[in-house]
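J.: The structure that follows is given in the form of structure tokens.
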Amino acid sequence: MANDRTIHWGSRHEENEASRALRLAADAMRQKGYNPISQLSGYLMTGDPAYITNHNSARNVLKSLEREELLQELVRFYLRDQP
Numbered sequence: 904m905a906n907d908r909t910i911h912w913g914s915r916h917e918e919n920e921a922s923r924a925l926r927l928a929a930d931a932m933r934q935k936g937y938n939p940i941s942q943l944s945g946y947l948m949t950g951d952p953a954y955i956t957n958h959n960s961a962r963n964v965l966k967s968l969e970r971e972e973l974l975q976e977l978v979r980f981y982l983r984d985q986p
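The sequence shown runs 904 to 986 under my numbering.
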């Protein structure tokens, strides 16, 4: 009987620039006592960088990317294991 399974080689999720930026910002916000979900949501909804801490250059890293790129990465991450 033939095996019809496809073997996936390598990482299931290669970290890209948007993913790295989101992780860095979330870590910086946690370190400063902020809720990263609330803060990132505020930033993505309004575009106001004041929602993001300057700690570890998180604000500058996020501002270097388009908000659309960040949203796409969040959706990609959320849906990556969906059938």
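Note that beta-carbon positions come from the ideal geometry of N, C-alpha and C, so glycine has one too.
1) Would the segment 917–924 count as touching the segment 949–956 if we require 3 or more Cβ pairs under 8 Å?
2) If you run the structure through DSSP and keep just helix, strand and coil, what is Q985?
3) Just the Cα atoms here: how many angstroms apart are A924 and G950?
4) Once the 5 residues before and after L968 are set aside, which same chain residues still bring their CB inside 7 Å of it?
5) Report the rounded CA-to-CA distance for E867 versus K935, giving the unit in angstroms.
6) With distance defined between alpha-carbon atoms, name the residue in D984, D907, Q985 and F980 nearest to R926.
T.: Taking the definition as stated:
1) They do not touch, by the three-pair rule.
2) coil
3) 15 Å
4) E920, A921 and A924
5) In the structure as shown, the chain starts at 904 and stops at 986, and residue 867 therefore has no counterpart that could be examined.
6) F980
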